[in-house]
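Data block below; observations after.
Here is the structure:
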């Protein structure tokens, strides 16, 4: 027999603490392990492809209203794709313990998107609609950086690219706006989606 | 490895049905990490658990022998990769372990 170790059955509080500690360890390990597949690369590619189609259709629009409607529709489609693809990934895990990373991503993406929606109205009313694409790219980038802090490195890196593109877009002639939209919401999504699929599997 | 026999003897008296196989820290970590993912490679697990090749492979093999995880090897280009998945038995074992810990905590609260 080995010598008696620290925790013995006659010390209930220690056993209790150990049980709590074990539960905490399991939860933390699962949360730490989740970012490996938390974000769906295929979902991002799909969003990028629909955004490319949307920027093509939007470029044909003669009025700002028409252009704007196309992008609102594309925004809703992207949300659906993102929700569906993340749900599929979460389901593959099917354990109620994991909800941290997904919630974190949603909560950090929502504030800049709400700010963006309000600024869109302000800029449109002020007759500065041409600044909207750059502002969208900038704010979406900030949301992706903060939301991706807990995820794989490719995610915040994508956020930085969005911000850089947005920064260039706001200071560039408005005639290039559709190209910036295509390069950002289309190109960057497809590119980083593909990186995530390759490096982190799906 | 921390003296398994001493731990076993102690746990037996305190908690008769405790699954000793996943009570060990690193093994519990492997099971937990795999429960949150469809699959993880050896190097994913190594960086997650912050451990050495030798240590991880010893514990992973124990879990594999118990049928808690499954292991498959393949090549990605020229690099050999080892991929681990949690089996149904492994998930069941983790759920049992969680229930066990919860009931231990409840007991102590009521006492």
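Residue numbers (this note's numbering), protein chains in the order written: chain A, 1 to 202; chain B, 203 to 313. We put the beta carbon where it would ideally sit given N, CA and C, even for glycine. As the structure is a prediction and not an experimental result, all values here were calculated from the model.
Item	Value
Range of the contiguous alpha helix (DSSP H) that encloses residue 274 (chain B)	Taken as a continuous stretch (DSSP letters only), residue 274 (chain B) belongs to no alpha helix (DSSP H), being part of the beta strand (DSSP E) at 271-278.
Residues that DSSP places opposite residue 284 (chain B) in a beta bridge	B:275
Within-7 Å CB hit, residue 172 (chain A) to chain B	no
Residue from B:266, B:260, B:310 and B:276 with nearest C-alpha to residue 290 (chain B)	B:266
With 16 other Cβ atoms within 10 Å as the buried cut-off, status of residue 270 (chain B)	buried
Three-state class that DSSP yields for residue 254 (chain B) in the structure shown	coil
Bridge partner(s) assigned by DSSP for residue 29 (chain A)	None, per the DSSP bridge assignment.
Among A:155, A:184, A:186 and A:161, nearest to residue 40 (chain A) - alpha-carbon criterion	A:155
Beta carbon proximity, residue 26 (chain A) to chain B, threshold 7 Å	yes
Partner residues on chain B for residue 198 (chain A), Cβ-Cβ distance less than 7 Å	Neighbours of residue 198 (chain A) on chain B: none; closest Cβ ~10 Å, over 7 Å.
Pair within 7 Å by beta-carbon distance, residue 178 (chain A) and residue 59 (chain A)	yes
Candidates A:43, A:49 and A:17: closest to residue 87 (chain A) by CA position	A:43
Short-range partners of chain A found in the stretch 247-281 of chain B, where Cβ spacing is below 7 Å	250
DSSP three-state assignment for residue 341 (chain B), whether helix, strand or coil	Outside the shown range of chain B (203 to 313) lies residue 341 (chain B), about which nothing can therefore be said.
Residue 140 (chain A): first and last residue of the uninterrupted alpha helix (DSSP H) it sits in	132-147
For residue 285 (chain B), the nearest candidate out of B:221, B:299, B:259 and B:268 (CA to CA)	B:259
Environment of residue 171 (chain A) [buried if 16+ CB atoms lie within 10 Å]	exposed
Separation of residue 159 (chain A) from residue 141 (chain A), as counted between CA atoms	4 Å
Start and end residues, alpha helix (DSSP H) containing residue 170 (chain A)	154-170
For residue 237 (chain B), the first and last residue of its enclosing alpha helix (DSSP H)	227-237
Buried/exposed call for residue 254 (chain B), threshold 16 Cβ in 10 Å	exposed
Buried/exposed call for residue 309 (chain B), threshold 16 Cβ in 10 Å	exposed
is_contact[residue 245 (chain B), chain A] using C-beta, thresh 7 Å	no
Alpha-carbon spacing of residue 157 (chain A) relative to residue 193 (chain A), whole angstroms	12 Å
Status (buried if at least 16 other CB within 10 Å, exposed otherwise) for residue 299 (chain B)	buried
Chain A within 7 Å of residue 306 (chain B), Cβ atoms only	yes
is_contact[residue 14 (chain A), chain B] using C-beta, thresh 7 Å	no
Interface partners of residue 230 (chain B) on chain A, CB under 9 Å	22, 25, 26 and 29
Sheet register partners of residue 243 (chain B) (DSSP bridge)	B:285
Where residue 48 (chain A) falls: helix, strand or coil (DSSP)	helix
Contacts around residue 78 (chain A), its chain only, beta-carbon distance under 6 Å, and the 5 residues preceding and following it disregarded	47
For residue 119 (chain A) and residue 135 (chain A), believed in contact at Cβ under 8 Å, the rounded distance	6 Å
Boundaries (first-last residue) of the alpha helix (DSSP H) holding residue 151 (chain A)	No alpha helix (DSSP H) contains residue 151 (chain A), which DSSP labels as neither H nor E.
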